[in-house]
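Okay, so here's the structure we're looking at.
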Amino acid sequence: MMKIVKANKDQYEDVRRFYHSLIDAMQDSQYDIGWEKDIYPAPAFLKASIAGGALYLCTEGHRIVGAMVLNHQCNEGYSKFQWQTEAAEDEILVIHALGVHPAYSGKGYAKEMVNKAFEVGACTHQKAIRLDVLAGNVPAEKLYTGLGFKYMDTLNMYYEDTGWTDYKLYEYVLDGRK
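Start counting the sequence shown at 1114; every next residue gets the next number (the numbering used here).
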């Protein structure tokens, strides 16, 4: 049975192994996620996210099949962009590092994880949810637009794992969704 729960500090190594396994499995994929082991997501980012209660795991039985981070931090490129929702940083939920292992793709896990983000955003009175997707990651683009995210623009942004690269920005306005 699938569950989506917050990771605890005792699960750090399991989370790190999950992301390493995901990165390995995506190496030969048609769609590049652009992640590199211990660069993105970085160990310090994972540890801080777990400690802050921001890292969520999607599990099937005792197996981690997906993970994501929900917080208020974003790439500095976000501040240079005119979003559809005006809000302070603490009124926006940002999805980071959402990944489902390819062995479990096509089973609705990613959709349920985004639904969890909607739930968290609504329960914490966020105005919107934002994220960026590496340009060309078609499955991620389809997931987010299919769930109601609005494509906003493509920006060239810097991340440790990809350098300066084009990312597609998406926003979902919560409008008091419960």
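In this text, a Cβ means the ideal position worked out from N, Cα and C, and glycines have one as well.
Residue i versus residue j - alpha carbon distance
{"i": "K1193", "j": "Q1186", "result": "14 Å"}
{"i": "H1238", "j": "V1246", "result": "24 Å"}
{"i": "Y1191", "j": "D1123", "result": "33 Å"}
{"i": "S1142", "j": "Y1280", "result": "18 Å"}
{"i": "A1164", "j": "T1267", "result": "32 Å"}
Which listed residue (the options) has its alpha carbon closest to that of residue i
{"i": "P1215", "options": "N1269, F1131, E1189, T1278", "result": "F1131"}
{"i": "V1178", "options": "I1117, E1199, E1202", "result": "I1117"}
{"i": "Y1264", "options": "E1284, T1278, A1248, Y1280", "result": "E1284"}
{"i": "M1114", "options": "N1269, K1240, H1175", "result": "H1175"}
{"i": "L1256", "options": "D1279, G1219, T1267", "result": "G1219"}
Contact set for residue i: own chain, Cβ-Cβ below 6 Å, skip 5 residues either direction
{"i": "W1148", "result": "I1136, D1274"}
{"i": "L1244", "result": "I1208, Y1283"}
{"i": "T1198", "result": "K1240, A1241, V1286"}
{"i": "N1188", "result": "M1270"}
{"i": "H1133", "result": "K1150"}
Same chain only: Cβ atoms within 7 Å of residue i, ignoring 5 sequence neighbours per side
{"i": "L1159", "result": "Y1125, V1128, R1129, L1168"}
{"i": "G1234", "result": "L1206, I1242, L1287"}
{"i": "E1202", "result": "H1185"}
{"i": "G1166", "result": "K1119"}
8 Å Cβ shell around residue i - same chain, five flanking residues per side excluded
{"i": "G1261", "result": "Y1285"}
{"i": "T1258", "result": "Y1264, Y1283"}
{"i": "D1145", "result": "M1139, L1247, G1249, N1250"}
{"i": "W1277", "result": "N1269, M1270, Y1271"}
{"i": "Y1217", "result": "E1173, V1178, G1179"}
{"i": "N1121", "result": "I1163"}
CB contact below 7 Å: residue i versus chain D
{"i": "E1199", "result": "Structure shown: chain D not included; a single protein chain is present."}
Sheet register partners of residue i (DSSP bridge)
{"i": "A1248", "result": "Answer is none; A1248 lacks a bridge partner."}
{"i": "C1171", "result": "I1117, G1179"}
So, do the segment 1176-1190 and the segment 1205-1225 have three or more beta carbon pairs nearer to each other than 8 Å?
yes
If contact is defined by three or more beta carbon pairs under 8 Å, each pair taking one atom from either stretch, is the segment 1222-1230 in contact with the segment 1250-1257?
yes
Count the CB pairs spanning the segment 1255-1273 and the segment 1141-1158 that are closer than 8 Å, and state whether there are at least three.
yes
Segment contact flag, the segment 1198-1209 with the segment 1230-1243, C-beta cutoff 8 Å, min 3 pairs:
yes
The segment 1160-1174 / the segment 1277-1290 touching (three or more Cβ pairs under 8 Å)
no
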